[in-house]
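Down below is the structure, laid out as structure tokens.
Protein chains: 4
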Amino acid sequence: MPVFTVGCELGYRVAVPTPFVFNVEAAQAASQRVLTEQLTLTPETPIERWQMPESSNRYLRFLANEGDLRVRYDAKVELAQAVFDPLTVGEIVAAELPLEVLTHLYPSRYCQSDRLTQVARRTFGDLAPGYQRINAICNWICDNVEYESGSSDVLTSACDTLIERAGVCRDFAHLGIALSRALGVPARYVSAYAYRLDPPDFHAVFEAYLSGPSGFAWYLFDPTRKSDPTGLVRIGIGRDAAEVAFCTPFGDVEFDKPEVWITSDGDATVPITTEAVVAESR
Amino acid sequence: MPVFTVGCELGYRVAVPTPFVFNVEAAQAASQRVLTEQLTLTPETPIERWQMPESSNRYLRFLANEGDLRVRYDAKVELAQAVFDPLTVGEIVAAELPLEVLTHLYPSRYCQSDRLTQVARRTFGDLAPGYQRINAICNWICDNVEYESGSSDVLTSACDTLIERAGVCRDFAHLGIALSRALGVPARYVSAYAYRLDPPDFHAVFEAYLSGPSGFAWYLFDPTRKSDPTGLVRIGIGRDAAEVAFCTPFGDVEFDKPEVWITSDGDATVPITTEAVVAESR
Amino acid sequence: MPVFTVGCELGYRVAVPTPFVFNVEAAQAASQRVLTEQLTLTPETPIERWQMPESSNRYLRFLANEGDLRVRYDAKVELAQAVFDPLTVGEIVAAELPLEVLTHLYPSRYCQSDRLTQVARRTFGDLAPGYQRINAICNWICDNVEYESGSSDVLTSACDTLIERAGVCRDFAHLGIALSRALGVPARYVSAYAYRLDPPDFHAVFEAYLSGPSGFAWYLFDPTRKSDPTGLVRIGIGRDAAEVAFCTPFGDVEFDKPEVWITSDGDATVPITTEAVVAESR
Amino acid sequence: MPVFTVGCELGYRVAVPTPFVFNVEAAQAASQRVLTEQLTLTPETPIERWQMPESSNRYLRFLANEGDLRVRYDAKVELAQAVFDPLTVGEIVAAELPLEVLTHLYPSRYCQSDRLTQVARRTFGDLAPGYQRINAICNWICDNVEYESGSSDVLTSACDTLIERAGVCRDFAHLGIALSRALGVPARYVSAYAYRLDPPDFHAVFEAYLSGPSGFAWYLFDPTRKSDPTGLVRIGIGRDAAEVAFCTPFGDVEFDKPEVWITSDGDATVPITTEAVVAESR
């Protein structure tokens, strides 16, 4: 099992005492095990913690006093990678979908799947259902949307991206989610430490709920094709970026560009591939 | 404690075997107790049930065979109404909001609170925080949006309603939710059996999370001012209408106009008021 | 030169005296000659006429009194059809475009070409410039958008149609115009009596400004592929449907479904084709 | 009659030969007389000129070679200001509007008046028609929209500004135009040299078509309240910013921040006021 060393260092300048919520810690899930971790706040500040049951997201909140604030996270995470044959992973008909995942079929703020039914059917409706169809959505996005820093902003949605054909990882994930849901496949947004992402940064990918050889599971997809899918360490999960932020300050603060890192402790010679993918059974 | 007799009868014509998900049963919650209830499917069909932990929504799913389908629900529900003084109900600062309600601060498909920060602040920012401010939002919506059947559709969002100034209960609730969240107040969508709604129908209202004399709780608001707030029997709760439907058929079906009813078993002489409101502590 | 008999009969019920503007008369242009025509108002009403210089649109206005109003138009129109080889018709570089057509490069209400630059380039950018490229846009629209009565409304724009992939002739024309402009080709909206359109109705098509064997001219395109391009009798021209309406009542009136007709006085055996097209040199 | 000295200096770096269209010269109109003017291109380049009949906009086009390009314009312009009593200026009923101005009632790319009918009626419908009502629209915009550099971009429309409540002069003008049209008042976008605008820049204002003591005319409005309305030297007129740009390069070029100036040759002691306004009779 490969082990990744991940972390981030975040800097803020706080003018008045301000509550912060962070979601930067690696998720604890069947598919990834946090071996060691450490969170350091400078200055030291009492922290309140909460793990969301339906997503396992780990939130921490504290009240930052005025002055400089530094948040540093370090962890070693083991990924339980299950390499599989994409042809063995199919879609799940509505009658068999667990009722608790239905919520990931619905349209959300930045993933207006309710408007994309026709475009999804016309573009991908004739493909065989399954992992390869969601992968075809990712290929289409990668081929038809320009990855361009600064081309989108926090209000940009999947419909905007489909029209304007430019965006960043967040927008690529939103469009992938919206098209998957429009085909009847539950999909959700995932923030992650992404191995080999260049330059290193918090990354956004998505998961689709499919039926594999060992049962139903969430499968990861990165339509930017910029990360190594065998090296994605999940942080937060949600309907879309509206629900997944690494930092939510409740007030105006200045901030530095985040420093983010991920290295592989094992053999890091595997090339980036879209075929070997990690399944998480939840 | 007043008791309401509620129910609905829904008719469908199914051309090919089709999975259905329903959410028509009254919620079981601290603020309302289901005394008796009966669900009848014609023809009889095996049912799968699931209650969503984070919302208490009660879902049922079954596979309808081709032919006519009738779904009838009957219940007696007791409402634990807590009449209170609105002036005693305040807003909750970000540092004290329970982390599990943060999700109801985020923008959602039909409630784009992220675009409405300025309009919310400019219109309601100078009012004292609390129940009365959310009530002022409702008054503003009722005064500035035309309630007009057929003026909106399933794609209509709070931004559309703010621009076009026409809608139905769903749209009024969405705008109320979006403006509340834009002010930093968690808000969520509620479908309900609504006493004195004329003509009777499934109704849509919203709840805001506020701090009352007995602690934090969700408070009901009906910006249409068309129902009796002391006679709202909750069915489903969600981020917005995208997550709350009384019926989701997975396929094309024909349907009749729903029949919906609610009567009061007790003294029904209380006039419709916006002042006496039921709090649900969850 | 083929001659077409065209006309319409329009009925209104007017509750209070209401000004009306109509644009139903066949345009008088180099490419079409109005041989005879008659306009009948019942009851008889004094008419004010105006022909817009930049479009040659013929407007008439009158004040309708309360009661029933009927407007009937009958005309015989000769079309000066120039069948040509599409391969001889190219695009015009910006340095050579007559400055008076630049206005048809700009985005308009329903044709947001400013948002479609990337999608136009990515989908049609590699095709050889010219008539065949605009024709490829029409083929793409016809193949990728569902023609579906009732699927759109008066607010629907080219961006909506590109997202939702359904519309009527108006929407097909808007998308064709927007994509053409996004490629740098001036394009404008045309309302027309359309030979062989079934059922008969006012039709919407578009024109692109191209360089043919006899010079620069506006070339007609019907992305719905529902009319005979050799039998399009132009009525009004504008940036998009916002500027081209057959009837604009300034007040609330009830109206009947319009009756519209067009028959060919000559040999009407030519099949519908996209290859033989009429050029108008203006 | 006051005389203003206006001008601009624009710098570009052109990588490949590129056609440019400029519209920076002061309009020649009944309300303003260009006394002297000079346009200098460095390097010297042959220019093609065209004046649009329906707007009197003066366009010039040339092919810039690779290298640096500088465009400088200098002019002295006399404004024929007609100070009037706002109470004597009314609106024009549809039956009496000249048919050639109807086009300025229609929605355009950035002024979606078709969506704003209700909001315009509900906010301004009870005010007496006339100059003062359009002025009330401007006051409302100035009071309810934040003037904030960088808060909008070239895709921002009146609906966006109404929702997000932030923008620059272009957005203020668009919202003023859209609300005026929604009330049935023809309105159009005007670019101008604006006296006392600080910092100096090309400015955007709008005109509404009203009925004054000397007949129908276009009246200027600046909802930003940042310029002196007695010192607006018109450059270009159009449906909205889509049709009015001071520079349109047909290719990618680098450009400097424009230098723009306007000084008064006469007595410049009149304070900025919204009451004394210049009418242009066209």
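Chains as they are written, first to last, in our numbering: chain R, 1 to 282; chain Y, 283 to 564; chain H, 565 to 846; chain D, 847 to 1128.
Yeah, the Cβ is synthetic: ideal placement off N, Cα and C, and Gly gets one too.
Should R282(R) be flagged as near chain Y, meaning a C-beta pair shorter than 8 Å? Caution applies to R282(R), whose pLDDT of 43 falls short of 50 and renders its modelled position unreliable; the model cannot decide the point.
Residue closest to G236(R), alpha-carbon to alpha-carbon, out of L197(R), E254(R), K226(R) and Y193(R): Y193(R)
Within 8 Å of any Cβ in chain Y, is that where the Cβ of N990(D) sits? yes
State the DSSP-derived secondary structure class of Q645(H), mapped to helix, strand or coil. In the three-state scheme derived from DSSP, where H, G and I count as helix and E and B as strand, Q645(H) is classed as coil.
Measuring CB to CB, does G694(H) end up less than 8 Å from R752(H)? no
For the alpha helix (DSSP H) that contains Q682(H), what are its first and last residues? T681 to F688
Compute the beta-carbon to beta-carbon distance between Y388(Y) and A242(R), rounded to the nearest angstrom, for a pair I have assumed lies under 8 Å. 4 Å
Give a yes or no on whether the C-beta atoms belonging to V858(H) and E630(H) are separated by under 8 Å. Residue 858(H) falls outside the range modelled here, since chain H spans only 565 to 846, and no answer is possible.
Can you tell me which residues form a DSSP beta bridge with S180(R)? S180(R) is not bridged to any residue.
Any Cβ of chain H within less than 8 Å of the Cβ of P899(D)? yes
Taking only the alpha-carbon atoms, compute the straight-line gap between Y623(H) and A746(H) and give it to the nearest angstrom. 30 Å
Where does I826(H) fall in DSSP's three states? strand
Unbroken beta strand (DSSP E) runs of length 3 or more, entirely within the region 617 to 643 of chain H: which are they? 622 to 628 and 631 to 643
Three-state secondary structure (DSSP) at F814(H)? Under the three-state reduction of DSSP output, F814(H) falls in the coil class, being neither helix nor strand.
Distance between E254(R) and L726(H) (C-alpha atoms, nearest Å): 39 Å
Residues of the region 145 to 178 of chain R with Cβ closer than 7 Å to any Cβ of chain H, in chain order: Taking 7 Å as the Cβ-Cβ cut-off against chain H, the residues of the region 145 to 178 of chain R that qualify are E146, C159, L162, I163, E164, R165 and A166.
Which residues mark the beginning and the end of the beta strand (DSSP E) in which T1140(D) is found? Lying before the first or after the last residue shown, residue 1140(D) is absent from chain D, which here runs from 847 to 1128.
In chain Y, what lies closer than 8 Å to R961(D) by C-beta? I445 and E446
According to DSSP, which residues form a beta bridge with P583(H)? In the DSSP output, where bridge partners are listed per residue, P583(H) has L627(H).
Per-residue DSSP class, three states only, for S191(R): strand
Beta strand (DSSP E) runs contained entirely in the region 193 to 237 of chain R, provided each spans 3 or more residues: 202 to 212 and 215 to 221
Am I right that L35(R) and E78(R) are in contact with their C-beta atoms under 8 Å? What's the rounded C-beta distance? Yes, they are in contact, since the Cβ atoms of L35(R) and E78(R) sit about 6 Å apart, within 8 Å.
Are the CB atoms of P186(R) and L97(R) nearer to each other than 8 Å? yes
With distances taken from CA atoms, which of R70(R), A26(R) and F20(R) is nearest K257(R)? Nearest C-alpha to K257(R) among R70(R), A26(R) and F20(R): R70(R).
For R331(Y), the first and last residue of its enclosing beta strand (DSSP E): Annotation for R331(Y): the continuous beta strand (DSSP E) segment containing it runs E330 to Q333.
Just verifying my parser: in three-state terms, what is the DSSP assignment at S108(R)? strand
R415(Y), enclosing alpha helix (DSSP H) - first and last residue: Y413 to N426
Check whether the region 1065 to 1073 of chain D and the region 1037 to 1051 of chain D touch, using three or more Cβ-Cβ pairs below 8 Å as the test. yes
Interface residues of chain D facing R404(Y) [CB-CB closer than 7 Å]: Neighbours of R404(Y) on chain D, chain order: N990 and R1011.
Considering only the alpha carbon of each residue, which of F866(D), N990(D), Y1065(D) and C854(D) lies closest to A658(H)? F866(D)
Excluding the 5 residues preceding and the 5 following C441(Y) in the sequence, name in chain order all residues of the same chain whose CB lies nearer than 7 Å to its CB. Q394 and R397
What in chain D is Cβ-close to V375(Y), meaning under 8 Å? Within chain D, no residue comes near V375(Y); the closest Cβ sits about 24 Å away, beyond 8 Å.
What residues from chain D crowd round V401(Y), counting only those whose CB sits closer than 9 Å? N990, L1008, I1009, E1010 and R1011
Local conformation of T40(R) per DSSP, three classes: Strand, per DSSP.
Compute the distance between the beta-carbons of F22(R) and F246(R), then report whether it is under 8 Å. yes
How would you write the range of the alpha helix (DSSP H) that L384(Y) sits in, first residue to last? Per DSSP, L384(Y) belongs to no alpha helix (DSSP H) and is neither H nor E.
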